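Structure record follows, encoded as structure tokens.
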């Protein structure tokens, strides 16, 4: 055999060997993904059988779509306290609208909005009786309390945001900072990157790594805060953020080239800004809750149909933040895709399937322990 023939044969075998290795790694990766999906489906089935969403959520108190707004004849008004998901800023615009435009008053309600913020969990204050209704930024607090070791019977009755606002946020360095990015991030784009995550959110990285086959040793997880400054100075490539908040901070500093990876687009979703009531209120005073939801629904509709005036109202009522009308309008733009599931979607309505899937993820990534589902 001459040398030329030998080299041709050697190259052929080398190519086949490398191809086999690549195929093997791909097959192994696919097998892991299939195994993770099968495991998740098992847990979802267990949740449906043992901890179904219908035990802690209902759509039955929501108003019928397109019901004409009719002012009630009020002999007296019921005074209620509603715990807000955060400090009084532009997040609570639908509730501000319902007060300012008289929707609560129209249904005989006198509503006091109680600000939230760091260390304030109004689902807990609801259980203790300090507020009549709580609005929770994290819908997961509902089932977490319902199935905790010291449970309280609370019920989700409507959701402002249909999708989880959580993203990994960074900058697109391929374009000038004064241009908007159209880059679509994929899970494998985070290999070799530094990601800042707030305390308690580590499970989100575990989800991403397991679900999308990201080697954990190829991503550096760092302790993150609530501002995008580490991305700007280059100490982190991405930070955990809310799509409605931190991108605005980047834009105000001249960085229009931000890029975000929404977890809700990649399999991890849930409801946010969820109205929650005690089970005893659902049982004994459903009329009050129906009136609250009808008026809040009107406030949300007003926001979608009149963003300009809603921004002015948000600046007036958002007393815990130094808001501008421009900032509020930008938030409304960023959250638009989170408010609705499509043109035929019913505002504030929730799907049991999404609740069950969210609880299954919490079980799978050890955010909650339930004896019947492991």
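In this note's numbering, the protein residues as written are 9 to 382. Backbone N, C-alpha and C fix where the C-beta goes; we use that ideal spot for every residue, glycine too. Every value quoted in this text rests on a predicted model; they were computed, and no experiment measured them.
Inter-residue spacing [alpha-carbon to alpha-carbon] between residue 166 and residue 70: For the purposes of this step, residue 166 is taken as residue 158 along the chain shown, with counting starting at 1. For the purposes of this step, residue 70 is taken as residue 62 along the chain shown, with counting starting at 1. Going by the C-alpha atoms only, they are around 7 Å apart.
From which residue to which residue does the alpha helix (DSSP H) around residue 168 run? As a working mapping, residue 168 is identified with position 160 in the chain shown. Element bounds for residue 168: not the alpha helix (DSSP H) but the beta strand (DSSP E), 162–169.
Under the rule that 16 or more other beta-carbon atoms within 10 Å means buried, what is residue 82, buried or exposed? As a working mapping, residue 82 is identified with position 74 in the chain shown. Exposed, because fewer than 16 other Cβ atoms sit within 10 Å of the Cβ of residue 82.
Can residue 368 and residue 55 be called in contact, C-beta distance under 8 Å? Within the chain shown, numbered from 1, the residue matching residue 368 stands at position 360. Within the chain shown, numbered from 1, the residue matching residue 55 stands at position 47. Yes, the Cβ-Cβ distance between residue 368 and residue 55 is below 8 Å.
Contact belief for residue 2 with residue 185 at Cβ below 8 Å, rounded distance in angstroms: Because residue 2 is not part of the residues shown, which for the chain are 9 to 382, the question remains open.
From the DSSP output, read off the bridge partner residues of residue 269. Looking up residue 269 in the chain shown gives position 261. For residue 269, which the question treats as bridged, DSSP gives the partners 176.
Which residues in the same chain as residue 222 place their Cβ atom closer than 8 Å to its Cβ, once the five residues preceding and following it in sequence are excluded? Translated into positions along the chain shown, residue 222 becomes position 214. Closer than 8 Å at the Cβ level, and outside the excluded window around residue 222, lie 195, 196, 198, 199, 216.
Quick one: give me the first and last residue of the alpha helix (DSSP H) that residue 363 is part of. Mapped onto the chain shown, residue 363 falls at position 355. First-last of the alpha helix (DSSP H) with residue 363: 360–372.
Determine the DSSP secondary structure at residue 91, reduced to helix, strand or coil. As a working note, residue 91 is residue 83 in the chain shown. Three-state DSSP puts residue 91 in a strand.
As a quick exercise: from 220, 258, 100, pick the residue whose alpha carbon is nearest that of residue 238. For the purposes of this step, residue 238 is taken as residue 230 along the chain shown, with counting starting at 1. It is 258.
Residue 300 versus residue 293 - alpha carbon distance: Along the chain shown, read from residue 1 onward, the residue named residue 300 stands at position 292. Along the chain shown, read from residue 1 onward, the residue named residue 293 stands at position 285. Residue 300 and residue 293: Cα-Cα distance of roughly 11 Å.
Kindly indicate which residue of 42, 332, 47 has the alpha-carbon position closest to the one of residue 372. Translated into the one-based positions of the chain shown, residue 372 becomes position 364. Comparing Cα positions, the closest option is 47.
Would you decide whether residue 137 is buried or exposed? Buried here means 16 or more other CB atoms lie within 10 Å of its CB. The count along the chain shown starts at 1 and reaches residue 137 at position 129. Exposed, by the Cβ-count rule.
Starting from the Cα of residue 84, find the closest Cα among 252, 58, 57, 112 and give me that residue. Within the chain shown, the letter at position 76 stands for residue 84. Ranking the options by Cα distance to residue 84, first place goes to 112.
Going residue by residue through the segment 58–143, where are the continuous alpha helix (DSSP H) segments of at least 4 residues, counting only ones entirely within it? 101–108, 111–114, 130–135
Neighbourhood of residue 297 by C-beta, 8 Å cutoff - its chain only, sequence neighbours within 5 removed: As a working mapping, residue 297 is identified with position 289 in the chain shown. So the qualifying residues of the chain are 69, 141, 165, 285, 289, 290.
Closest residue to residue 67 among 335, 343, 282, 375 (Cα-Cα distance): Indexing the chain shown from 1 puts residue 67 at position 59. Out of 335, 343, 282, 375, 282 has the C-alpha closest to the C-alpha of residue 67.
Check for me: the beta strand (DSSP E) holding residue 229 runs from which residue to which? Working through the chain shown from its first residue, we reach residue 229 at position 221. Its beta strand (DSSP E) spans residues 228–231.
Flag this pair as touching only if the segment 169–181 and the segment 239–256 have three or more C-beta atom pairs under 8 Å; answer yes or no. yes
Determine contact between the segment 91–110 and the segment 140–154, defined as no fewer than three beta-carbon pairs at a distance below 8 Å. yes
Can you list, in chain order, the residues of its chain with a C-beta nearer than 7 Å to that of residue 152? Leave out the 5 residues immediately preceding and following it. In the chain shown, counting from the first residue as 1, residue 152 sits at position 144. Around residue 152: 376.
Residue 227 beta carbon less than 8 Å from that of residue 261: Translated into the one-based positions of the chain shown, residue 261 becomes position 253. Translated into the one-based positions of the chain shown, residue 227 becomes position 219. Cβ distance not < 8 Å, so residue 261 and residue 227 don't count as in contact.
Could you spell out where the alpha helix (DSSP H) holding residue 152 opens and where it closes? Taking the chain shown and counting its residues from 1, one reaches residue 152 at position 144. Looking at the DSSP string, the run of the alpha helix (DSSP H) that includes residue 152 is 148–154.
Among 309, 65, 190, the one whose alpha carbon lies nearest that of residue 362: Reading the chain shown from its first residue, position 354 is the one you call residue 362. Per the Cα distances, 65.
Nearest by alpha-carbon distance to residue 345: which of 193, 127, 173 is it? For this step, residue 345 is matched to residue 337 along the chain shown. It is 173 whose Cα lies nearest to the Cα of residue 345.
Residue of 353, 253, 211, 193 minimising C-alpha distance to residue 269: On the chain shown, residue 269 is found 261 positions in, with the first residue counted as 1. Nearest of 353, 253, 211, 193 to residue 269, Cα basis: 193.
Residues near residue 32 by beta carbon distance below 6 Å, same chain, minus five either side: Reading the chain shown from its first residue, position 24 is the one you call residue 32. For residue 32, the predicted structure reports a pLDDT of 48, less than 50, and the residue's modelled location is therefore unreliable. A value from the coordinates is still provided. Nothing meets the Cβ criterion.
In the DSSP output, which residue or residues are listed as bridge partners for residue 378? On the chain shown, residue 378 is found 370 positions in, with the first residue counted as 1. Beta-bridge pairing links residue 378 to 381.
Once DSSP output is grouped into helix, strand and coil, what is the label at residue 295? Position 287 of the chain shown, counting from 1, holds the residue named residue 295. Helix, per DSSP.
Identify which residue in 191, 306, 150, 42 has its Cα closest to the Cα of residue 75. The count along the chain shown starts at 1 and reaches residue 75 at position 67. Among 191, 306, 150, 42, the Cα nearest to that of residue 75 is on 306.
8 Å Cβ cutoff, residue 71 in contact with chain D: Going by chain labels, chain D is absent from the structure shown, which holds only one protein chain.
When DSSP labels each residue in this structure, what does residue 204 get in the three-state scheme? As a working note, residue 204 is residue 196 in the chain shown. Strand.
Cutting at 7 Å between CB atoms, please list the residues of its own chain near residue 51, excluding the five before and the five after it. As a working note, residue 51 is residue 43 in the chain shown. 368, 371, 372, 381.
Out of 134, 351, 347, 115, state which residue places its alpha-carbon closest to the alpha-carbon of residue 251. Mapped onto the chain shown, residue 251 falls at position 243. Taking only the C-alpha atoms, the option nearest residue 251 is 347.
Buried or exposed, going by whether 16 or more other CB atoms sit within 10 Å of the CB of residue 366? Here residue 366 is taken as the residue at index 358 of the chain shown, counted from 1. Flag for residue 366 reads buried.
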